[in-house]
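K.L.:
Take UniProt numbering: the last position of the sequence shown gets the number 189, and nothing is skipped along the way. C-beta: ideal position from N, C-alpha, C; glycine also. Here you go, one structure.
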Amino acid sequence: MSMTDAPPNRVSLGDFPTADVIVVLGAAVRPDGTPSAALLRRADHAGALWRAGRAPVVLASGGQASGPADAPTEAHLIAMHLTADHGLPPTAVLREDAARNTLENAAFCLTEMKRRGWRCALVVTDGPHMPRALWCFRTLARRRRLAVTLVPAPAPAPGRFGPGWWAAVAWEAAALPVYAWRLWRAGGG
């Protein structure tokens, strides 16, 4: 069974190729400043990929989408979780704290990849979010003429095909036309 044929929860960490970086996209932060289940799930998967030797560094991406000015960024919470709970050394975790949405995740992470000469990234997010995330990354990489390989590495989904999963799929379906417009606008019209 290939990676593309296997359900996300059935892919062995060793099946993922080695890469220059693991890019983990942030998710919601609770009003009290603690990470959501989605953020922790993504960070846990990135930590497991790092421990499996899939890449030497993790790039945590996500700013403050909302909340008070002193609230922690998504990237900060991911980095704290990876170092405190997964034992990654601080030197193995980089942060991109500015992105407020998926398009900005892609733009800012691609800028960092270019700056560091990274050519291959494992992209970690939830399965329903992955098509939109890769669409943003690949479209911007093509426009910037960046020769990068972006490998989907979806975080294991709890309760796949349950009500929460279908809600995420519906959210992503609604987001596609919005992101088509954002990508068109980002390309200069």
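#1: Roughly how many whole angstroms lie between the Cα atoms of residue 150 and residue 122?
#2: Is the beta carbon of residue 59 sitting closer than 8 Å to the one on residue 136?
#3: So, residue 93 versus residue 55, is the Cβ gap smaller than 8 Å?
#4: Sorted by chain position, which residues of the same chain lie with C-beta nearer than 6 Å to residue 214's C-beta, five sequence neighbours on each side aside?
#5: Closer than 7 Å by C-beta to residue 71: which residues in its own chain qualify, once you throw out the five before and the five after it? Chain order, please.
#6: With DSSP as the reference, label residue 116 as helix, strand or coil.
#7: Specify the secondary structure class of residue 126 as computed by DSSP and reduced to three states.
#8: DSSP has residue 61 in a bridge; who is on the other side?
#9: If you compare alpha carbons, which of 129, 153 and 180 is closest to residue 167?
#10: Would you mind sorting residue 19 into buried or exposed? The rule is 16 or more other CB atoms within 10 Å of its CB.
#11: To the nearest angstrom, how far is it from the Cα of residue 172 to the Cα of residue 117?
#12: Alpha carbon to alpha carbon, how far is residue 134 from residue 176? Give it in angstroms, no decimals.
#13: Taking just the CA atoms, how far does residue 141 sit from residue 25?
#14: Identify the continuous beta strand (DSSP E) that holds residue 34 and give its terminal residues.
#15: Suppose you measure from the CA of residue 124 to the CA of residue 155; what does that come to, to the nearest Å?
#16: Could you compute how far the alpha carbon of residue 40 sits from the alpha carbon of residue 15?
P.N.:
With the structure as the only source:
#1: As a first step, residue 150 is located in the sequence shown; it is residue number 150 there, counting from the start. As a first step, residue 122 is located in the sequence shown; it is residue number 122 there, counting from the start. So the alpha carbons of these two residues sit roughly 6 Å apart.
#2: Within the sequence shown, the letter at position 59 stands for residue 59. Within the sequence shown, the letter at position 136 stands for residue 136. No. Outside cutoff.
#3: Counting from one through the sequence shown, the residue named residue 93 turns up at place 93. Counting from one through the sequence shown, the residue named residue 55 turns up at place 55. No, they are not a contact pair.
#4: The structure shown does not extend to residue 214, since the chain is modelled only from 1 through 189, so no value can be given for it.
#5: Mapped onto the sequence shown, residue 71 falls at position 71. 29, 33 and 64.
#6: Working through the sequence shown from its first residue, we reach residue 116 at position 116. Note: residue 116 maps to helix in three-state DSSP.
#7: For this step, residue 126 is matched to residue 126 along the sequence shown. In this structure, residue 126 counts as strand in the three-state DSSP scheme.
#8: Within the sequence shown, numbered from 1, the residue matching residue 61 stands at position 61. Answer is 25 and 96.
#9: Along the sequence shown, read from residue 1 onward, the residue named residue 167 stands at position 167. Considering only alpha carbons, the answer is 129.
#10: Reading the sequence shown from its first residue, position 19 is the one you call residue 19. Classification for residue 19: buried.
#11: Reading the sequence shown from its first residue, position 172 is the one you call residue 172. Reading the sequence shown from its first residue, position 117 is the one you call residue 117. Taking the straight line joining both Cα atoms gives about 31 Å.
#12: As a position in the sequence shown, residue 176 is number 176, starting the count at 1. As a position in the sequence shown, residue 134 is number 134, starting the count at 1. Approximately 12 Å, taken between the alpha carbons.
#13: Along the sequence shown, read from residue 1 onward, the residue named residue 25 stands at position 25. Along the sequence shown, read from residue 1 onward, the residue named residue 141 stands at position 141. So the alpha carbons of these two residues sit roughly 17 Å apart.
#14: The sequence position of residue 34 within the sequence shown is 34, counting from 1. No beta strand (DSSP E) contains residue 34, which DSSP labels as neither H nor E.
#15: To locate residue 124, count along the sequence shown from 1; it is residue 124. To locate residue 155, count along the sequence shown from 1; it is residue 155. When rounded, the distance between both Cα atoms is 6 Å.
#16: On the sequence shown, residue 40 is found 40 positions in, with the first residue counted as 1. On the sequence shown, residue 15 is found 15 positions in, with the first residue counted as 1. Approximately 22 Å, taken between the alpha carbons.
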